[in-house]
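Structure first, then comments.
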Amino acid sequence: MTGVGEAVPSERYNETFDRFIEVLGQITFEDLIDSGSLDTLLDSILPKCQGLRALEAAFDVAAHDLWGKIDGRPLYAHFGADCKKTPLTSYTIGIDNLDVIREKVEEADPYPILKVKLGSEHDQDIIRTIRNTTDKLIRVDANEGWNLDKAQTMCEWLSTKNVEFVEQPLPVQMLDETSELKKRSPLKIIADENCIDSKDIPRIAHAFHGINIKLMKCGGLREAYRMIQLARELNLEIMLGCMIETSVANTAAAHLSPLTDYADLDGHILIENDPYLGVRVEEGKLILPSSPGLGIYLR
Ligand code: MG
Numbered sequence: 002m003t004g005v006g007e008a009v010p011s012e013r014y015n016e017t018f019d020r021f022i023e024v025l026g027q028i029t030f031e032d033l034i035d036s037g038s039l040d041t042l043l044d045s046i047l048p049k050c051q052g053l054r055a056l057e058a059a060f061d062v063a064a065h066d067l068w069g070k071i072d073g074r075p076l077y078a079h080f081g082a083d084c085k086k087t088p089l090t091s092y093t094i095g096i097d098n099l100d101v102i103r104e105k106v107e108e109a110d111p112y113p114i115l116k117v118k119l120g121s122e123h124d125q126d127i128i129r130t131i132r133n134t135t136d137k138l139i140r141v142d143a144n145e146g147w148n149l150d151k152a153q154t155m156c157e158w159l160s161t162k163n164v165e166f167v168e169q170p171l172p173v174q175m176l177d178e179t180s181e182l183k184k185r186s187p188l189k190i191i192a193d194e195n196c197i198d199s200k201d202i203p204r205i206a207h208a209f210h211g212i213n214i215k216l217m218k219c220g221g222l223r224e225a226y227r228m229i230q231l232a233r234e235l236n237l238e239i240m241l242g243c244m245i246e247t248s249v250a251n252t253a254a255a256h257l258s259p260l261t262d263y264a265d266l267d268g269h270i271l272i273e274n275d276p277y278l279g280v281r282v283e284e285g286k287l288i289l290p291s292s293p294g295l296g297i298y299l300r
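Using the working numbering, read the sequence shown as starting at 2 and increasing by one per residue.
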C-alpha cells in the first residue's frame with residue numbers, strides 16, 4: 002500500500018523547492034518506519050521536516066492516505082465528517098488587468114462564488130468590472146494590501162456589492178488595527194497570514210471573525226483538525242483554503258471541509274498538469290471520493 006502526499010513551498014513563508022530537496026535528503030527510510038499508529042508515525046517524522054510546514058503537510062497527508070487504506074475507510078470518515086455536507090468552493094480571480102479579469106469571470110461561470118484578490122491600485126475598478134458581468138457572491142482577499150483607513154472605506158463600499166467577507170485586509174503585524182477594523186467593518190474579517198497554526202488562534206481571535214486554514218501553512222490534516230476544534234471553541238468561523246495545489250492536497254483538505262463553513266479549494270482546477278483525480282467540483286459543490294484514504298488515483 003502506498004500513501005501519497007504533496008508539498009507546495011511558499012515564498013511568503015520562506016520555503017523553497019531546493020530547501021525541501023535538501024531536507025528530504027536528510028530523512029532516511031528508517032525514519033519512515035513506524036511502530037504502531039498514525040500519531041506515532043507523525044510524531045517521529047514531522048520534527049525531521051525542520052519547520053518546513055508544506056513538507057510536513059506532504060508527510061502528514063501521505064500518512065493519512067496510507068492509514069485510511071489500511072483502515073479501509075475514506076478520510077472523511079476518519080475525521081467523523083459527513084461527506085454530504087461539503088460546502089461550495091469559491092473560484093479565484095487573481096489581480097490582473099481588467100480585460101483579463103473579464104475573461105476569468107467568464108471562465109468562472111460554472112462556479113457560484115468568486116474569490117477576488119484585491120490590494121492593488123485599482124481595487125474598485127476590479128469589483129466594478131466583475132459586477133458589470135455578474136452579481137454572484139464575492140469573497141475578497143486583500144492579501145495584507147491595505148491600511149486601516151483604506152480597509153474601513155473598502156469594507157463599507159464592498160458591503161454594498163454582495164461581498165460576503167474580507168480576508169486578511171491588513172499586514173500581519175497590524176493586529177491592533179485589525180481588531181479596530183473588526184469593530185468598524187460591516188463585513189466579516191477572516192485571518193489568513195495571521196493564522197498559521199493552532200498556536201496562533203487564541204492570540205488573534207479577538208481581531209477576526211474567522212480563520213482560513215491551509216494544509217501547507219499548518220503542516221497537514223492533523224494540525225488542521227486541531228485548528229477546526231479550537232476555532233469552534235472560540236466561536237470563530239472556518240474557511241479551508243489552498244495554495245496552487247494538485248488534487249492530492251486539495252482532496253486531503255476537502256475531506257475536512259464538511260467540518261468547516263467556507264471552502265476555497267480550487268487550486269487543482271486552476272492548473273493544467275494535475276497528475277491525479279480526486280475531489281470533484283460540480284457547480285461549486287465539492288464531491289468527495291469514497292474509496293479508502295484520500296481516494297485519489299492517477300489520471
Ligand atoms: Mg489569502
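Even for Gly, the Cβ is constructed at its ideal location relative to N, Cα and C.
- How should R223 be labelled, buried or exposed, when 16 other C-beta atoms within 10 angstroms of its C-beta is the threshold for buried? Here residue 223 refers to the residue found at position 222 when the sequence shown is read from its first residue. It is buried - the Cβ of R223 has at least 16 other Cβ atoms within 10 Å.
- Query: D142 and K105: beta carbons closer than 7 Å?
  - Reply: As a working note, residue 142 is residue 141 in the sequence shown. As a working note, residue 105 is residue 104 in the sequence shown. No, these two residues do not count as a Cβ contact at 7 Å.
- Run through the segment 152 to 204 for me and flag every whole alpha helix (DSSP H) of 4 or more residues, listed as ranges in chain order. 176 to 185
- Message: Taking DSSP's pairing of strands, which residues face R281 in a bridge?
- Response: Sequence index remark: in the sequence shown, residue 281 carries index 280 (1-based). The partner list for R281 (beta bridge, DSSP) reads I288.
- In the segment 102 to 162, which residue ranges form an unbroken alpha helix (DSSP H) of at least 4 residues, counting only runs that do not cross its ends? 124 to 132, 149 to 159
- Report buried or exposed for D100, applying the criterion of at least 16 other Cβ atoms within 10 angstroms of its Cβ. One-based indexing of the sequence shown puts residue 100 at position 99. Classification for D100: exposed.
- Item | Sheet register partners of L241 (DSSP bridge) | Position 240 of the sequence shown, counted from the start, is the residue given in the question as residue 241. In DSSP, L241 forms a bridge with I214, A264.
- Task: Tell me whether D142 counts as near the ligand MG, meaning its Cβ is closer than 6 Å to at least one heavy atom of that ligand.
- Result: For the purposes of this step, residue 142 is identified with residue 141 of the sequence shown, where counting begins at 1. Correct: D142 has its Cβ closer than 6 Å to the ligand MG.
- Message: Quick check on this structure: which residue in S38, D40, P48 has the alpha carbon closest to the alpha carbon of Q27?
- Response: The residue you call residue 27 lines up with position 26 of the sequence shown. The shortest C-alpha separation from Q27 is found at P48.
- Query: Going by other Cβ atoms of all chains shown within 10 Å of its Cβ, with 16 needed for buried, is M2 buried or exposed?
  - Reply: Working through the sequence shown from its first residue, we reach residue 2 at position 1. Classification for M2: exposed.
- Query: Who are G294's beta bridge partners in DSSP?
  - Reply: The sequence position of residue 294 within the sequence shown is 293, counting from 1. P75.
- Verify whether the separation of the beta carbon atoms of P293 and G37 is less than 7 Å. Taking the sequence shown and counting its residues from 1, one reaches residue 293 at position 292. Taking the sequence shown and counting its residues from 1, one reaches residue 37 at position 36. No; because the gap between Cβ atoms is not below 7 Å, this pair is not in contact.
- For I214 versus T252, is the C-beta distance shorter than 7 Å? Within the sequence shown, residue 214 is the residue found at index 213, counting from 1. Within the sequence shown, residue 252 is the residue found at index 251, counting from 1. No, Cβ-Cβ distance for I214 and T252 is not below 7 Å.
- Looking only at C-alpha atoms, which of V62, I94, G95, T93 sits nearest to H79? For the purposes of this step, residue 79 is taken as the residue at position 78 of the sequence shown. Per the Cα distances, V62.
- Message: Shorter than 6 Å, the distance from the beta carbon of E284 to the closest heavy atom of the ligand MG, or not?
- Response: For this step, residue 284 is matched to residue 283 along the sequence shown. Every heavy atom of the ligand MG is 6 Å or more from the Cβ of E284, so no.
- Query: Applying the criterion that 16 or more other CB atoms from any shown protein chain within 10 Å of the CB defines a buried residue, is K200 buried or exposed?
  - Reply: Within the sequence shown, numbered from 1, the residue matching residue 200 stands at position 199. Exposed.
- Message: What would DSSP say about I94, mapped onto helix, strand or coil?
- Response: Position 93 of the sequence shown, counted from the start, is the residue given in the question as residue 94. Here I94 sits in strand by DSSP.
- Item | Option nearest P187 by Cα separation, candidates A82, L159, G211, Q125 | Mapped onto the sequence shown, residue 187 falls at position 186. The residue with the shortest Cα to Cα distance from P187 is L159.
- Thinking C-alpha only, which one of I114, R185, V249, G81 is nearest I132? Position 131 of the sequence shown, counting from 1, holds the residue named residue 132. One detail in the question is off: residue 132 reads as Arg in this sequence, not Ile. The residue with the shortest Cα to Cα distance from R132 is I114.
- Task: To the nearest angstrom, report how far apart P259 and C84 are at their CA atoms.
- Result: For the purposes of this step, residue 259 is taken as the residue at position 258 of the sequence shown. For the purposes of this step, residue 84 is taken as the residue at position 83 of the sequence shown. Distance between the alpha carbons of P259 and C84 is about 7 Å.
- Task: Give the C-beta separation of R281 and I272 to the nearest angstrom, bearing in mind that I take them to be a contact with Cβ-Cβ under 8 Å.
- Result: As a first step, residue 281 is located in the sequence shown; it is residue number 280 there, counting from the start. As a first step, residue 272 is located in the sequence shown; it is residue number 271 there, counting from the start. Actually they do not touch by this definition, with Cβ atoms about 15 Å apart.
- Item | The alpha helix (DSSP H) enclosing I22, as first and last residue numbers | As a first step, residue 22 is located in the sequence shown; it is residue number 21 there, counting from the start. Its alpha helix (DSSP H) spans residues 18 to 27.
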